[in-house]
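Each remark here refers to the structure printed beneath this line.
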Amino acid sequence: MRIEKPYRRRQTATIAIDAAADAVFALMCPVREYEWEPGWKTNLILSKSGLVEQDCIFTTPGGASAGSSEESGEAIWVTPFYDAENRRLTMIKATPGECVTRLDIAVTPEMSGAAATVSYEHTALSAAGRRIVDDHGAANFDAMMEGWKRSIENCLGPEKSAA
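To convert a position in the sequence shown, counted from 1, into my numbering, add 1.
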């Protein structure tokens, strides 16, 4: 047995999105992500409702979304916490032999749309995982969050954001 201190990075951002909070939260789903995330791919989604829900499990290939590496292996995602009423969820992504990522999302209504607070915590399982942690520095995270904002607003548009 080896016990090591975790090599991890946690980053959080709150992004203002010009759209209704319920509409934004609805897009935080492996099925609905196809509508706004360029290059998004899934291999399998296990869901009673067909959308994200408590205990939803899905898999993604390497390079499943913009900014991810094609060299990375298949990832397994689990949604251990899902609260649609309060627009909050947690997803855990495990890429065996590489990295475990925790994604927390909370969407709140604001006067001019919604605020999405997004936290990513990457923990390395290997040298390859350390590279993943290192690649998710502040500049890359900020660029990813700006990409989310643009893509979600483009997806929802002013005429759809009230839905």
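From the three backbone atoms N, C-alpha and C, an ideal C-beta is built for every residue, glycine too.
Since this is a predicted model, take the numbers as computed values, not measurements.
Flag this pair as yes or no: are the beta carbons of residue i and residue j separated by less than 9 Å?
{"i": "Ala116", "j": "Thr15", "result": "yes"}
{"i": "Val53", "j": "Thr80", "result": "yes"}
{"i": "Thr91", "j": "Glu75", "result": "no"}
{"i": "Gln12", "j": "Glu122", "result": "yes"}
{"i": "Asp23", "j": "Arg88", "result": "yes"}
{"i": "Ala17", "j": "Ser113", "result": "yes"}
Out of the options, which has the shortest C-alpha to C-alpha gap to residue i?
{"i": "Ile46", "options": "Val32, Gly64, Gln55", "result": "Val32"}
{"i": "Ile106", "options": "Thr96, Met112, Thr118", "result": "Thr118"}
{"i": "Pro7", "options": "Ala128, Ala65, Asp136, Phe142", "result": "Ala128"}
{"i": "Ile133", "options": "Arg88, Lys150, Gly64", "result": "Gly64"}
{"i": "Ala1", "options": "Met29, Gly130, Tyr35", "result": "Beyond the ends of the chain as shown, which are 2 and 164, falls residue 1; an answer cannot be given."}
{"i": "Ser73", "options": "Thr109, Gly51, Val25, Arg131", "result": "Arg131"}
Name the DSSP bridge partner or partners of residue i?
{"i": "Asp84", "result": "Arg89"}
{"i": "Glu122", "result": "Arg11, Arg103"}
{"i": "Val108", "result": "Ala117"}
{"i": "Thr61", "result": "Ala76"}
{"i": "Ala17", "result": "Ala116"}
{"i": "Thr96", "result": "Cys100"}
How many Å lie between residue i and residue j at the Cα?
{"i": "Gly148", "j": "Trp37", "result": "10 Å"}
{"i": "Ile58", "j": "Ala20", "result": "27 Å"}
{"i": "Ile93", "j": "Glu111", "result": "27 Å"}
{"i": "Ile153", "j": "Met2", "result": "44 Å"}
{"i": "Phe82", "j": "His137", "result": "24 Å"}
{"i": "Phe1", "j": "Ala27", "result": "As shown, the chain starts at 2 and ends at 164. That puts residue 1 outside it, with no answer to give."}
{"i": "Asn155", "j": "Glu5", "result": "43 Å"}
Measure how close the beta-carbons of residue i and residue j come, nearest whole angstrom, since I'm counting them as under 8 Å.
{"i": "Arg9", "j": "Ala125", "result": "7 Å"}
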